[in-house]
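Numbered per my numbering, the sequence shown spans residues 69 to 311.
Glycine included, each C-beta is placed from N, C-alpha and C at the ideal position.
On a predicted model such as this, the values are computed, not experimentally measured, just so you know.
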Amino acid sequence: MWTQSDLDWLEYSYPTLQETKVGQIEGFLTFSMLRTGGQYLVNPSDDLIADTSPPDYLYISDTYEILLTWPDDEKYPKAHETGGKLAKAAARLNKSLLDMHQNDHDGALCLAAAMDLERTFRSGFEMGMFIEELLIPYLFAQSNYDKTEVWLWGELSHGWLGLLEWLGRHQSPDDRDIGSTYKYLVGSLGKNKVDLLLGQRWRQHYKCLCGSQKKSRDCHPDIQRSISLLRNAITRGLALVPK
């Protein structure tokens with residue numbers, strides 16, 4: 069659960085978001101975010117906003133109605149957009165909730181892969197990191213997609229394939245990244261299927277696991293790399309035991 073320090077930070081930084089009862093925060097989140105020189109900056113200064121020279125310049129200011137909850141059985145808070153902006157965008161673009169990166173069973177926002185959440189909060193939960201490293205970048209991407217129909221940071225496949233894609237796309241994943249990926253794969257597929265998947269030999273010219281019938285190297289080379297990372301971890305004796 070968030071702490072009083074988290075609530076104090078929220079009161080100072082985003083006073084229109086307030087705890088209305090224990091485990092529930094709601095209100096309006098107004099933010100600005102700037103992409104410039106290859107960096108993404110939350111709530112940048114006026115001087116930076118005025119600098120329109122970098123070719124990758126992108127500036128968005130927006131407001132969303134937000135509900136944050138932290139169920140007792142969840143490791144991290146859940147975020148919901150309650151003002152209907154995302155639903156309207158989905159309807160206009162003929163997209164489903166999943167297409168818009170929302171869970172279809174409860175509408176919670178898919179802020180990051182489960183492994184990303186673990187990586188972000190390795191030292192413990194912090195409200196500032198949750199809001200400014202996860203929630204605002206997610207909303208920034210949604211606002212941009214509403215205008216351009218392009219996801220700024222690409223997409224991961226739904227389900228277990230997305231778990232493999234996440235690991236395979238990281239340039240230098242550490243053993244904790246590999247271990248958490250294995251844990252969530254087992255949670256999604258079951259240990260027997262994961263062991264079978266990793267026990268098979270996969271080559272770049274084999275058909276891709278996504279079912280496209282294309283060669284792996286031409287379709288999802290990140291999946292091939294992920295499997296290699298997991299197999300190598302097992303060979304090194306890394307204890308990939310779900311916790």
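In the three-state DSSP reduction, residue 181 falls in the coil class, being neither helix nor strand. Short of 7 Å from the beta carbon of residue 201, and not among the five residues preceding or following it, lie these beta carbons of its own chain, in chain order: 188. With 16 or more other Cβ atoms inside 10 Å of its own Cβ, residue 180 counts as buried. Residue 103 carries a strand assignment under DSSP once its states are collapsed to helix, strand and coil.
Approximately 12 Å separates the beta-carbon atoms of residue 207 and residue 108; this is outside 8 Å, ruling out the contact.
For residue 99, the closest of 130, 240, 172 and 141 by C-alpha to C-alpha distance is 130.
Of the candidates 140, 134, 217 and 139, the residue whose Cα lies closest to the Cα of residue 162 is 217. Spatial neighbours of residue 91 in its own chain (CB-CB distance under 7 Å, excluding positions within 5 residues in sequence) are listed in chain order as 69, 137 and 138. In the structure shown, residue 90 falls within a coil segment according to DSSP collapsed to helix, strand and coil.
For the region 216-288, the full-length alpha helix (DSSP H) segments reaching 4 residues or more read 228-237, 243-257, 259-267 and 284-287 along the chain. The Cβ atoms of residue 248 and residue 186 sit closer than 7 Å to each other. For residue 80, no pairing in a beta bridge is given by DSSP.
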